[in-house]
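A.B. asks: Right, I'll just put the structure down here and ask away after.
Protein chains: 4
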Amino acid sequence: MKTSKEYKASLKKMKPNIYKFGELIKDVTTHPATRRTVNGHAQIFDAAQKSEYKDLLTTKSIISGKCVSRYLSILQSADDMVANVKMKRLMFNLTGTCTGGRCAGFNALNAMWATTFDIDKELGTDYHKRIKKWLKNSQDNDITISGALTDPKGDRSKPASLQKDPDLNLHVVKEKDDGIVVRGAKVMICGVAAANELFIMPGTGYKEQDKDYAVSFVVPRDIKNLTIVETRRPSDNRELEEGFDNPVEIGGITQAYLLFDDAFIPKERVFMCKEYKYSMNAVMNFIAPYRAAIGGCVAGQGDLMIGASALMARANGLSEKAFREKINQMIINNETTFGMGVAASVLGKKHPSGVWTPDHLLANVNKVHVATLPYETKRITQDIAGGIGETGCLPSYKDINDPKYGKLLKKYLSANCSGETRAKIARLIEWLTIGSGVPGCMHGGGSPDGAKIVINIKTNLNHYMDFAKRLADIKENIEVEPKKK
Amino acid sequence: MKTSKEYKASLKKMKPNIYKFGELIKDVTTHPATRRTVNGHAQIFDAAQKSEYKDLLTTKSIISGKCVSRYLSILQSADDMVANVKMKRLMFNLTGTCTGGRCAGFNALNAMWATTFDIDKELGTDYHKRIKKWLKNSQDNDITISGALTDPKGDRSKPASLQKDPDLNLHVVKEKDDGIVVRGAKVMICGVAAANELFIMPGTGYKEQDKDYAVSFVVPRDIKNLTIVETRRPSDNRELEEGFDNPVEIGGITQAYLLFDDAFIPKERVFMCKEYKYSMNAVMNFIAPYRAAIGGCVAGQGDLMIGASALMARANGLSEKAFREKINQMIINNETTFGMGVAASVLGKKHPSGVWTPDHLLANVNKVHVATLPYETKRITQDIAGGIGETGCLPSYKDINDPKYGKLLKKYLSANCSGETRAKIARLIEWLTIGSGVPGCMHGGGSPDGAKIVINIKTNLNHYMDFAKRLADIKENIEVEPKKK
Amino acid sequence: MKTSKEYKASLKKMKPNIYKFGELIKDVTTHPATRRTVNGHAQIFDAAQKSEYKDLLTTKSIISGKCVSRYLSILQSADDMVANVKMKRLMFNLTGTCTGGRCAGFNALNAMWATTFDIDKELGTDYHKRIKKWLKNSQDNDITISGALTDPKGDRSKPASLQKDPDLNLHVVKEKDDGIVVRGAKVMICGVAAANELFIMPGTGYKEQDKDYAVSFVVPRDIKNLTIVETRRPSDNRELEEGFDNPVEIGGITQAYLLFDDAFIPKERVFMCKEYKYSMNAVMNFIAPYRAAIGGCVAGQGDLMIGASALMARANGLSEKAFREKINQMIINNETTFGMGVAASVLGKKHPSGVWTPDHLLANVNKVHVATLPYETKRITQDIAGGIGETGCLPSYKDINDPKYGKLLKKYLSANCSGETRAKIARLIEWLTIGSGVPGCMHGGGSPDGAKIVINIKTNLNHYMDFAKRLADIKENIEVEPKKK
Amino acid sequence: MKTSKEYKASLKKMKPNIYKFGELIKDVTTHPATRRTVNGHAQIFDAAQKSEYKDLLTTKSIISGKCVSRYLSILQSADDMVANVKMKRLMFNLTGTCTGGRCAGFNALNAMWATTFDIDKELGTDYHKRIKKWLKNSQDNDITISGALTDPKGDRSKPASLQKDPDLNLHVVKEKDDGIVVRGAKVMICGVAAANELFIMPGTGYKEQDKDYAVSFVVPRDIKNLTIVETRRPSDNRELEEGFDNPVEIGGITQAYLLFDDAFIPKERVFMCKEYKYSMNAVMNFIAPYRAAIGGCVAGQGDLMIGASALMARANGLSEKAFREKINQMIINNETTFGMGVAASVLGKKHPSGVWTPDHLLANVNKVHVATLPYETKRITQDIAGGIGETGCLPSYKDINDPKYGKLLKKYLSANCSGETRAKIARLIEWLTIGSGVPGCMHGGGSPDGAKIVINIKTNLNHYMDFAKRLADIKENIEVEPKKK
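Residue numbers (the numbering used here), protein chains in the order written: chain A, 1 to 485; chain B, 486 to 970; chain C, 971 to 1455; chain D, 1456 to 1940.
Okay, here's the thing in structure tokens:
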């Protein structure tokens, strides 16, 4: 397995194709716009070599039996899935934010492991063999894989094939003997700059007419005819500055637009091509572990909010006990998303391909919590922090160190610690609650409205009505005629 | 294992010592004040013999290896504990309410199994041997055991030994060669009328001066010098009436005051006597599984609220789809307490005595949810039900069947079903949300404030502060001097 | 103006036509099923004669200029409406529950005052003259008027004229020279037993085909062919018992079914007859002050929950300061519904008829709060109370006074006060949170879903979109085609 | 009264003493760091001249009877205070954010108008005469006044006089015949760059030993020995860029640190000097209108979030009706803070000096809502917006207009409108929910914890306990001994 140094070296070797602010990023490991997320991902390699984290970050390969990164493994049991939830929490503890260049890729390979198994079984294709071969190599080389699901979509009220522009969803434009040519984009893709390869998932809701859109493949990040543009985040200019206004050097998050302009994908890297009936299952297989494990992510960031809040309380001369009720609520929020992730993991079941799928109902309930509870945790963090940590109430690093008035600012910022330390805690709180360390709790892993649809589908209301009728000894059958349209 | 008929026969045989409304209840299986809770408990025996429920309701004895009721088993693994959570949900689905005459007893025997093991190991006593022997007989006879923890307590600002009246907490008044004599009370004890035996837990917070209060034992319900008074619940008079105003015949809940007036407890049934240092652990061992599993209880009752809400929507001529957002929220609430119970179960650990203890932090977080979420579920149920199911807006069964105007009432109650069926659904909703089927979500298994104290104790704030400091590269040590008193 | 004694005498004189449990109630002022609500209403007369409450409970007549009960007045200004909100809070403080035999009648007469003015102006009818004459007499005789809006409705998916049974909404069956004959019912009508007259409002949603249903009138409670059946509430049997299990003697709530079986209504008491286009306005005029003022009601009951919680804390030996955060939340809830009621009152406007109409948007926002916040207040009350006040954990009055074991129960109930006092506080808490003092926050004054529809109608989204476009300098027009059906 | 042009000219004339990023800002009306907040404040002058807004933005002077800016008026009635709440909502509608350079100054002059009246009356000083004279001139010149309350404070567990550094709270260092010399700072002061003068309030909690800290005065922004440093906000670098990444040009918010380094304040501008007993009242007079009116502020920004959400829904091809339940909740949140502000205004009372003071209890309840509800509104806005509006998922303006790949980005951003318009809406949502337009709901006008203390003080628990005892006929007196320390 790679060291963090080898990991960075592998990124350095890649052909530059990532842009931000109109500039081509030559070296993602040193450029300020991408360096921090690479540093965050590098911590995965460091942690994998520490005895206290090793068991969480590595596991046995389903293929070779060798020790591999958990992020490159097939989830085979409830225990694997629980470890996944815990690993996410740990990585947020260590980086303060998302190491998104690995988890979606991890989900994608598991989802397509199961989906290719099903397709092959029913249609006699050889996708599963392809993914197995690719995965073996990937494990051998300990690569980092980002996963990409979201299409631009265009007008949400229309299917892919009826959009004004056919490219608004990624699609196959040509099938060749040795591969396919694709055009379109995947958008808002996390951690691309820190990845070696990109695992493309199909979207959902495809019918016969949309079959060209049912496509899944994996490619090196730097293939021909792929242009990548990094998006901007709140306060991301600070990453280009010196000093602690961006307080975190060892973690960071990025999202990218992947622009495929007639890119060629070799056959052995294609895992779905027009089998539109399987795209819904592929996505369901993707979101179940995603929405379970993300409970660990937000808990891990919540842990840091608790820590930062307690630090600020002390910095202000107050014991954290003064905020016991509030900190309790933060703990409750963290443990709820974490716990629900664990429960969804445990109540899952095994797919014939060997993949363990978390319980859909609980995973999606958790997605709703993930889109709600962390916002309260953030609000409480700002509440405890006082004005200095809420929004826009702290001078810049440059001003705090200004030769003319910097000394005065430091003096007035000091409390039960130095002014500089207090400013650093405030910046950390800003970064965690409203700044560039904020990952997408709301729409990461899909929207809460999407989750509610799954919740609806996975609940058997008739079952509950039968229990109620039995209890109150109600015999009459009560039906409602469907409304005429 | 007993049939439900044998179970009822075993209760019939016992000496009457339970009173309500000043009346001695001669036969708990037929008296309207206790019949329904006995019926509810009887369903456990019926369900244990059905193939679809058998695995949930029975397990292998740790002692004999024989198949025994899960309620009489030692929880030995995460799987056992998850089964416990699921079993509670099922029993609420079947009875609509609490079968409290089993679960606290189940928790008590597990808690004291571990506690006696520790006491014996450190003090050389033989309590564990006693409990093992007693449990073996109990399993052989498939008895039903209610658990009792709560003392009257008196002035909450003072310890047991400093109360005006020493009896305000149950205590040992005399030690004899063959046993002990106890005086005092245990109050608000659930399901006593449906139980064969009572398992008495010690309270907590005892120091040397309070050692007489550290006492645990198990006794038949009908021992000498024990008087039992059943409490009253909202609308409990309806249980004495005919008709569906109390809509449920196959489930019910009771709480009792146990008045021990110098009752003698034989030595072999005593599991703690003055070992005050172990009472806190005993209670912690009791509440962890209790507060995990109660998540299944409230989910199970919540399922019925969903069912009843959907039925009422249909009865009113509306599809349940009109209330999709609200029903979703009910599902989320149910699955959250259930899921957190499962997670607490899974993340537990094994005690040297063989008992599996759920995770304290998650179990107590769940207790807070249990004291909060079901109240929203109830509110939504009343919201969907309309005025008829909210409070006090439905004529009595007697009026609905009145020879003079009953026909008119039925006519005006009818909608998309008969007036009688609609009234039954409304009564079920009243029973579930504000009536006699409402179990104590708030204080059952202890108060949410107590849970918050455990949450505080079980969280390592320094750990989180260290992560935050590491992330933002803060070196300064920040301490707050404790306030002088 | 009447004294409370004269008020009770006026009720005594009326012909008995109210039933409960199959029994005709001969004297509503003494029968246990109705006595308490009459006592509650009687407090209005007593308070009107006390200097500290007089200004709130009385005002000047718009007709005679004489001092009249505020409940019989026309709301003419923001100040009148604010006084209404405060009066409701006071009456809940004094009675612990709803004096529903006055407030809906008060709303009905104001709503129809405005509506008859509009009908007369447009259609040349003389309804307004009729209501004016009737009101003058009513003020002179200081009568108590209950208001009735809700029809049985039947299948909610169908309009009145398409129900299987035409009587499922109250309707005119015959028009005569001197009046009309009506058939049908009004259901869940509050305070009927305490009223001298009943003010009938039309329902809504009526079109040409439903015009027979657009009917409004006022009648003495004891007219011919009107049968009244009181509904049952949680624990209402306790009203028939002795002792403090029903802890309140000076207040109570009732709801009734009014069964009109071809009842004749004299012309001068009819205020709408088939003018279906005005029924929606009539109801909007009714609900605006209702949904504003109900904020005072639930605040007034909330005040008592705070008081009872603090008493129980002390009874348990704890200072109420131990629950500061929780009591704060209760205060916030109370002041929010009260404050929103005041704001809706103040932001209203004057109708040409002289009636002040509160702001529809804020009144309906408040209705949503009223259907939500008191439930949290109740939950917190039970939280602070401990198990004894939650549900079903206190022996009956009869048992507490049992000659055999009553002494023991009192002993074990005592804490920082006598056992009897502590039991009384617990019963008060039960009565306030889950018992017979609970008024219908959810559906009283209509459902929260109905309120949300008004909120939607009264909000101009385009206005907000225009502000947003102006701010971000967006010129493009963005429209969505309506879905084809 | 001034035009916006004259207003800007008055700012241009002032001596530069404001710094940001180490740079002296020469002209606040053109510098990108301050231009937008000046533009926002300028809208006040423009709106005052529009017929539809004039009545809200101007009123009659208490001194001269002439028409003056409402921001320079004394609040004399409930109507004045309600107009204040509405004016704030309007200004947020127009600027999208806070025009903080006026409202705190407005509160300060009202608070000190009352406080100086009281001091003079009791101590025979002439402060009230001074403030009157100053206000007359200020009204004549239509100046803009920022208000400053918050001191750096240092260790929150210690009073001002016991801090390590005496300057951690602003204080009088010398009294001279013609004025005073002050040292220290006021921090996190809003809108300073847009103001002509600064109104300094005293802090609270001062005793005899702290009397040097009880000081209030008003000064031109550009006096000698005053250095001002602007703080940084999320994404504030974007203000220095071109394009719509900072989407708003006509509004903006700033906060400043005011560093007084032995600044001289002439006597006639000093309104409190060491009268420490009055500082608490001064602050209470300040926060009551502040915490009432801020309900209008957050409602006004909430309106824009509704507008922006509906626009994004349409941009995505969906009707805003698809989000009806969510938009309803946003409306409820907005109208609640607005309505509570109105209610607090109306229920106030008149101070002998002529100032109308809102109700303390309701104003502080509203502060708690203001620190809670807008966070839910923001969350819902991000929910409706989809990933593009949540956080960090949109390419930069520069990239969207890149010659190489900008066209592709625009194509993939387009939906039911152009890609550019959709990007603008997304940036507006980012600005409103997580960007530089976010004002300090949490700590603006003081912390919610501070508000809760006032709520506690202003509630008479004994009153509620008496009502509860009366209702349940409880005679026993229940007291708790205070804990011994």
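We put the CB at the ideal spot given by N, CA and C, even for glycine. Fair warning: this is a prediction, and the values are worked out from it, not measured in the lab.
1) Rounding to the nearest angstrom, what Cα-Cα distance links S1612/D and A1669/D in this structure?
2) Check whether chain A comes within 8 Å of R1611/D, counting only Cβ atoms and requiring the distance to be less than that.
3) Between the region 1729-1746 of chain D and the region 1809-1829 of chain D, do at least 3 Cβ pairs fall closer than 8 Å?
4) D1135/C to R1397/C, Cα distance in whole Å?
5) Would you kindly report the start and end of the unbroken beta strand (DSSP E) that includes K174/A?
6) State the CB to CB distance for the pair S549/B and K621/B, rounded to an integer number of angstroms; the pair is presumed to be in contact (CB under 8 Å).
7) Quick one, which residues of the region 313-340 of chain A are near chain B if we go by CB-CB under 7 Å, in chain order?
8) I want to verify the contact list: residues of chain B whose CB lies under 9 Å from the CB of N1207/C, in sequence order.
9) In the DSSP assignment, the alpha helix (DSSP H) including E1022/C goes from what residue to what residue?
10) Considering only the alpha carbon of each residue, which of S1902/D, K1822/D and Y1830/D lies closest to G386/A?
11) Do we get a CB-CB distance below 8 Å when we pair F991/C with the residues of chain B?
12) Are K211/A and Y276/A close, meaning C-beta to C-beta below 8 Å?
13) Any beta carbon from chain B within less than 8 Å of T357/A's own beta carbon?
14) So, does the CB of N1077/C fall closer than 8 Å to a CB anywhere in chain B?
15) Mind checking if F286/A is an interface residue toward chain B, Cβ cutoff 8 Å exclusive?
16) With a threshold of 8 Å between beta carbons, is Y1345/C in contact with chain B?
17) Could you say which of E508/B, Y504/B, N502/B and H516/B lies nearest to K493/B if we only look at CA atoms?
18) Just reading off the beta strand (DSSP E) that C1363/C is part of, what are its end residues?
19) So A1765/D contacts chain C; which residues on that side make the cut at Cβ distance below 9 Å?
20) Quick one: is A1579/D buried, meaning 16 or more other Cβ sit within 10 Å of its Cβ, or exposed?
21) Since C98/A sits in a beta bridge, which residues does DSSP pair it with?
22) Is there a Cβ from chain A that is less than 8 Å from the Cβ of I869/B?
23) Using a C-beta to C-beta distance shorter than 9 Å, which residues of chain C count as neighbours of V1703/D?
24) Please list, in chain order, all residues of the same chain as N710/B whose beta carbon is under 6 Å from its beta carbon, the five residues on each side excluded.
25) Under the three-state reduction of DSSP, which class applies to S1131/C: helix, strand or coil?
26) Ends of the alpha helix (DSSP H) at Y1919/D?
27) Does the beta carbon of C1872/D sit closer than 8 Å to a beta carbon anywhere in chain C?
28) Flag this pair as touching only if the region 781-797 of chain B and the region 836-844 of chain B have three or more C-beta atom pairs under 8 Å; answer yes or no.
29) Output, in sequence order along the chain, the residues in the region 1507-1530 of chain D whose CB is closer than 8 Å to any CB in chain C.
30) Since Y860/B is in the alpha helix (DSSP H), which residue starts that stretch and which ends it?
C.D. replies: Straight from the coordinates:
1) As a first step, residue 1612/D is located in the fourth sequence; it is residue number 157 there, counting from the start. As a first step, residue 1669/D is located in the fourth sequence; it is residue number 214 there, counting from the start. Rounded to the nearest angstrom, the two C-alpha atoms are 19 Å apart.
2) Translated into the one-based positions of the fourth sequence, residue 1611/D becomes position 156. A Cβ of chain A is located within less than 8 Å of the beta carbon of R1611/D.
3) yes
4) Here residue 1135/C corresponds to residue number 165 of the third sequence, with the count starting at 1. Here residue 1397/C corresponds to residue number 427 of the third sequence, with the count starting at 1. When rounded, the distance between both Cα atoms is 43 Å.
5) Residue 174/A sits at position 174 when you count from the first residue of the first sequence. Note, K174/A: beta strand (DSSP E), H171 to K176.
6) Residue 549/B sits at position 64 when you count from the first residue of the second sequence. Residue 621/B sits at position 136 when you count from the first residue of the second sequence. S549/B to K621/B, Cβ: 7 Å. Contact.
7) Within the region 313-340 of chain A, the qualifying residues are R314, A315, G317, L318, S319, E320, R324, N328, I331, I332, E335, T336, G339 and M340.
8) On the third sequence, residue 1207/C is found 237 positions in, with the first residue counted as 1. Within chain B, the residues near N1207/C are S720, D721, N722, R723, L725 and E726.
9) Position 52 of the third sequence holds residue 1022/C. Per DSSP, E1022/C belongs to the alpha helix (DSSP H) from S1021 to L1027.
10) Looking up residue 386/A in the first sequence gives position 386. Taking only the C-alpha atoms, the option nearest G386/A is S1902/D.
11) Here the question's residue 991/C lines up with position 21 in the third sequence. Yes, because at least one Cβ of chain B sits closer than 8 Å to the Cβ of F991/C.
12) Working through the first sequence from its first residue, we reach residue 211/A at position 211. Working through the first sequence from its first residue, we reach residue 276/A at position 276. Cβ distance < 8 Å, so K211/A and Y276/A count as in contact.
13) Counting from 1 along the first sequence, the entry for residue 357/A is found at position 357. Output row for T357/A: interface = no.
14) The count along the third sequence starts at 1 and reaches residue 1077/C at position 107. No, N1077/C lies away from the interface with chain B (no Cβ there is under 8 Å from its Cβ).
15) If you number the first sequence from 1, residue 286/A lands on position 286. No, because no Cβ of chain B sits closer than 8 Å to the Cβ of F286/A.
16) As a position in the third sequence, residue 1345/C is number 375, starting the count at 1. Judged by the 8 Å Cβ criterion, Y1345/C is in contact with chain B.
17) Translated into positions along the second sequence, residue 493/B becomes position 8. With distances taken between Cα atoms, K493/B lies closest to H516/B.
18) On the third sequence, residue 1363/C is found 393 positions in, with the first residue counted as 1. Looking at the DSSP string, C1363/C is not in any beta strand (DSSP E), and its letter there is neither H nor E.
19) Residue 1765/D sits at position 310 when you count from the first residue of the fourth sequence. Per Cβ cutoff of 9 Å: L1431, N1432, Y1434, M1435 and A1438.
20) By one-based count along the fourth sequence, residue 1579/D stands at place 124. The sequence as given places Gly at residue 1579/D; Ala does not occur at that position. It counts as exposed.
21) As a first step, residue 98/A must be located in the first sequence, where it is residue number 98. Per DSSP, none; premise fails for C98/A.
22) Here residue 869/B refers to the residue found at position 384 of the second sequence. I869/B does not count as touching chain A.
23) Counting from one through the fourth sequence, the residue named residue 1703/D turns up at place 248. The answer, in chain order, is L1441, A1442 and D1443.
24) Residue mapping note: residue 710/B aligns to position 225 of the second sequence, counting from 1. Cβ neighbours of N710/B beyond the five flanking positions: D746, D747 and A748.
25) Within the third sequence, numbered from 1, the residue matching residue 1131/C stands at position 161. It is helical.
26) Locating residue 1919/D in the fourth sequence gives position 464, where the first residue counts as 1. Note, Y1919/D: alpha helix (DSSP H), L1916 to L1926.
27) Here residue 1872/D corresponds to residue number 417 of the fourth sequence, with the count starting at 1. Interface residue, yes.
28) no
29) Per Cβ criterion, the list is empty.
30) Position 375 of the second sequence holds residue 860/B. It spans L858 to A870 - the alpha helix (DSSP H) in which Y860/B sits, taken as one unbroken run.
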